[in-house]
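Per the numbering used here, residue 129 is the first one in the sequence shown, and the count goes up by one each step.
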Amino acid sequence: MKQTNFHIDKSVLLFFLMVILISGSVFGYRFYNYTPCGVVDFDTLEQEYRVGEIIRFKDKSTQVSNREWNFGDNSERDARVAPFHTYKKPGKYQISLKVNNRCIKTKTIVVKEKRFILDSTKLANFTIPRSIRVGELLTTREFTKDGQSWEWRFGETAEINSTLKQPTYIYQSPGLKTITLIVNGDTRYATSKRINVLEKIDDTPAPPRRRERQRTTLSEAPTIDATPIVGVDIIPEEPEEEEEETPPPFRAPDIGTGGLEALFQSIGLKTGTVSDFSRYTCDNKNIPLSVSGNSMTLDEFCKYLEKKGKKRIIKVKRINRAENNCITSMILTSKKKSIF
């Protein structure tokens with residue numbers, strides 16, 4: 129039987145030896161530098177996100193050797209533990225945090241429109257007298273900055289009564305009237321004022337008063353000097369005119385931020401209505417409000433509170449009033465009540 133000999137070339141053995149050494153080195157390096165992901169998480173310190181406002185992020189991960197933030201708006205990456213970021217446009221953004229070059233955590237946030245801030249210089253500004261009579265000509269004076277268009281309502285109808293800058297008006301009925309001016313079509317900066325319209329003066333002369341003559345007896349009758357008076361004109365006595373009482377100028381009652389906050393809370397508790405504000409807003413349920421940057425009227429906000437019930441905390445930051453103390457606009461904050 130013929131014997132077969134096997135021979136392996138030295139170069140083949142050397143190749144396999146090199147492969148084993150390289151593979152072992154790579155495995156050893158990766159094993160030595162391996163870092164587990166652990167807990168990968170992050171959070172933000174804001175309750176809502178707005179265009180132009182700073183959002184603060186915070187890395188809450190464990191076993192971190194390096195990190196990389198991606199804010200989802202093609203901005204530069206950040207490696208800090210608690211970076212700050214600002215968005216220029218509203219929308220949904222996907223935020224991702226990569227830890228140790230391989231462990232990724234992703235969250236989605238919604239950035240809202242820029243917060244509205246009431247600019248007091250844009251409020252409609254005009255003056256009117258405190259009172260006027262039915263049939264008299266009312267003259268207005270308007271001083272709003274950069275006004276281009278005007279809508280006047282004088283309180284007798286719900287329609288627009290004039291679109292002139294400084295109109296005149298004649299009231300047909302007496303009572304307390306609300307004059308509202310909207311400039312440049314922006315209802316957020318509307319201003320309302322009250323005017324007391326008095327009854328028309330009756331020009332018909334009053335009938336002369338009859339004077340009762342005092343009866344005297346013959347014995348009590350006075351002696352009359354029959355000597356004529358020469359050179360003296362006898363002037364008849366004129367009836368005395370009654371002085372007309374001028375009613376005091378109207379002024380809305382005072383109320384502070386605490387009282388207004390209590391009224392708003394009563395709306396949420398369903399123990400109050402928007403009519404409770406009438407004496408302070410002079411019967412105007414549509415005064416403009418800025419609620420946490422959102423524009424709405426008083427009536428709209430009260431309906432919102434009726435739906436939310438007791439779940440909101442309302443803080444009054446600013447109250448704008450007219451000359452007669454009527455509230456014309458307010459700036460508020462509204463946030464959810466904490467569970468704890």
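Here a beta-carbon is modelled for each residue, glycine too, at the ideal position from N, C-alpha and C.
The ligand NAD heavy atom lying under 6 Å from the CB of residue i
i: R230; result: Within the structure as shown, the ligand NAD is missing, as the structure has no ligands at all.
Helix, strand or coil at residue i [DSSP, three-state]
i: G275; result: coil
i: F254; result: strand
i: E428; result: helix
i: Y299; result: coil
i: I148; result: helix
i: R316; result: helix
i: T456; result: strand
i: V168; result: coil
i: T291; result: coil
i: K463; result: strand
i: T268; result: coil
i: V140; result: helix
i: T308; result: strand
i: V360; result: In this prediction, V360 scores a pLDDT of 48, lower than 50, which makes its location untrustworthy; the coordinate-derived value is nonetheless stated afterwards. Residue state, collapsed to three classes: coil.
i: A354; result: With a pLDDT of 48 at A354, under the threshold of 50, the predicted position of this residue should be treated as unreliable, though the coordinate-derived value follows. DSSP places A354 in coil when its eight states are reduced to three.
C-alpha gap between residue i and residue j, whole angstroms
i: M146; j: V140; result: 10 Å
i: R261; j: E389; result: 37 Å
i: Y177; j: N412; result: 33 Å
i: T268; j: F254; result: 7 Å
i: E270; j: S248; result: 16 Å
i: N198; j: K217; result: 16 Å
i: N194; j: G166; result: 13 Å
i: F143; j: I150; result: 11 Å
i: F489; j: T190; result: The first residue shown for the chain is 129 and the last is 468, placing residue 489 beyond what the model contains.
i: G200; j: Y221; result: 5 Å
i: I310; j: Y317; result: 7 Å
i: C454; j: T399; result: 24 Å
i: E451; j: L251; result: 14 Å
i: E264; j: T315; result: 29 Å
i: V209; j: S423; result: 36 Å
i: N202; j: G437; result: 41 Å
i: L426; j: D206; result: 44 Å
i: S403; j: K431; result: 12 Å
i: G313; j: E196; result: 48 Å
i: Y215; j: I148; result: 53 Å
i: D330; j: L433; result: 49 Å
i: I515; j: L246; result: Absent from the model: residue 515. The displayed extent of the chain is 129 to 468, so no value can be given.
i: K235; j: R446; result: 36 Å
i: L266; j: G396; result: 41 Å
i: K233; j: S153; result: 31 Å
i: P211; j: K464; result: 27 Å
i: E204; j: V192; result: 21 Å
i: A286; j: R379; result: 23 Å
i: K435; j: F405; result: 18 Å
i: R440; j: I256; result: 38 Å
i: S301; j: T308; result: 18 Å
Beta-carbon proximity list for residue i, same chain, < 7 Å, skipping 5 on both sides
i: V419; result: F429, L460, S462
i: P381; result: R407, Y408
i: T306; result: G283, S320, R322, C410, D411, N412
i: V444; result: T385, L388, E389, M458, L460
i: G303; result: V325
i: I442; result: E389, F392, Q393, L460, S462
i: C231; result: C165, V168
i: F244; result: S418, G421, N422, S423
i: K242; result: R178, V179, G180
i: K188; result: D169, F170, D171
i: I383; result: Y408
i: F468; result: Only weak support exists for where F468 lies, its pLDDT of 48 falling under 50; the coordinates are left without a value.
Other residues of its chain near residue i: CB distance less than 6 Å, five sequence neighbours each side excluded
i: S457; result: I415, P416, N448
i: L238; result: Leu is not the amino acid found at residue 238; the sequence shown has Val there. Closer than 6 Å at Cβ, skipping near neighbours: K220.
i: R258; result: P377
i: T272; result: A252, N253, V311
C-beta neighbour in chain B for residue i, strict 7 Å
i: Q294; result: The question asks about chain B, but that chain is absent: this structure has only one protein chain.
Neighbourhood of residue i by C-beta, 8 Å cutoff - its chain only, sequence neighbours within 5 removed
i: T172; result: I183, R184, F185, K186, I237
i: K293; result: E270, G275, W278
i: K240; result: E176, Y177, R178, V179, P218
Every unbroken beta strand (DSSP E) inside the stretch 180 to 241 [3 residues or more]:
For the stretch 180 to 241, whole beta strand (DSSP E) runs of length 3 or above, ordered along the chain, are 183 to 187, 195 to 198, 219 to 227, 231 to 240.
Is the stretch 290 to 297 in contact with the stretch 312 to 326, if contact means three or more CB pairs nearer than 8 Å?
No, the stretch 290 to 297 is not in contact with the stretch 312 to 326.
Report yes or no: do three or more beta-carbon pairs, one from the stretch 219 to 230 and one from the stretch 276 to 288, lie closer than 8 Å?
The stretch 219 to 230 vs the stretch 276 to 288: no contact.
Which ranges does the beta strand (DSSP E) cover as unbroken runs of at least 3 residues, wholly within the stretch 386 to 452, from first to last along the chain?
For the beta strand (DSSP E) assignment, the uninterrupted runs of no fewer than 3 residues enclosed by the stretch 386 to 452 are, from N- to C-terminal side, 416 to 419, 422 to 425, 440 to 449.
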